[in-house]
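Peer 1:
In the working numbering, the protein residues as written are 4 to 149.
Here it is in structure tokens:
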């Protein structure tokens, strides 16, 4: 899948993202295998560009977003959904998962709406490991809203 990145990222930053895109592709495949081929997985790179200014964090955004969260969390957890997959397909008519950067109370937050499942990563904590704790996994946060 071809991904375009905002012009505010340097060539080196974009190169780092591209090196991690295989994790995005694996996450898309895992999501579509479980939820259906009409599901999309997107990253709001404009939000990351404006929210994250520290060079060291920007340098590793591909690792954090593609490898740690999408490939490591979203794909693996969605692959294990059973009844939740059916409930999500009923609730989320927009059939998309969006990863973005925004100020949230903890390291990340999940919002389930009719339009999408949004995984919002807190910019100042993006490099921290997942999960916050066993009660706040991606799956548990989705389940609470279905």
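Using N, Cα and C, we set each Cβ at its ideal position, and we do this for glycine too. These numbers were taken from a predicted model, which means no experiment stands behind them.
#1: Residue 37: buried (16+ other C-beta within 10 angstroms of its C-beta) or exposed?
#2: Using a Cβ-Cβ cut-off of 7 angstroms (strictly less than) and excluding sequence neighbours within five positions of residue 107, which residues of its own chain qualify?
#3: Out of 120, 60 and 95, which has the shortest C-alpha to C-alpha gap to residue 128?
#4: Give the straight-line distance between the Cα atoms of residue 103 and residue 75, rounded to the nearest whole angstrom.
#5: Let me know if residue 16 comes out buried or exposed under the rule of 16 or more other beta-carbons within 10 Å of its beta-carbon.
#6: Assuming residue 146 and residue 87 form a contact by the criterion Cβ under 8 angstroms, report the distance between their Cβ atoms to the nearest whole angstrom.
#7: Since residue 34 and residue 91 are thought to touch, with beta carbons under 8 angstroms apart, how far apart are those beta carbons, to the nearest angstrom?
#8: What whole-angstrom Cβ distance do residue 143 and residue 119 have, given they're in contact under 8 angstroms?
#9: Nearest to residue 121 by alpha carbon, out of 43, 57, 54 and 56?
#10: Compare the C-alpha of residue 65 against each of 85, 140, 32 and 28 and name the closest.
#11: I need the straight-line Cα distance from residue 94 to residue 41, nearest angstrom please.
#12: Considering Cα atoms alone, identify which of 112, 130 and 131 is closest to residue 139.
#13: Which runs of the beta strand (DSSP E) fall wholly inside the region 33-65 and span at least 3 residues, in chain order?
Peer 2: According to the data block:
#1: Under this definition residue 37 is a buried residue.
#2: 123 and 125, listed in sequence order.
#3: Of the candidates 120, 60 and 95, the one whose C-alpha sits nearest the C-alpha of residue 128 is 60.
#4: In this structure, the alpha-carbon of residue 103 lies about 16 angstroms from that of residue 75.
#5: Buried, since its Cβ has 16 or more Cβ neighbours within 10 Å.
#6: That pair is a contact at about 6 angstroms.
#7: Contact doesn't hold; Cβ gap of about 10 angstroms is too wide.
#8: Contact flag wrong, Cβ pair sits at about 18 angstroms.
#9: Nearest Cα to residue 121 within the set 43, 57, 54 and 56: 43.
#10: Nearest option by C-alpha distance: 28.
#11: A direct Cα-Cα distance of roughly 14 angstroms separates residue 94 from residue 41.
#12: The residue among 112, 130 and 131 with its C-alpha nearest the C-alpha of residue 139 is 112.
#13: The beta strand (DSSP E) runs lying completely inside the region 33-65 and spanning 3 residues or more are 43-46, given in chain order.
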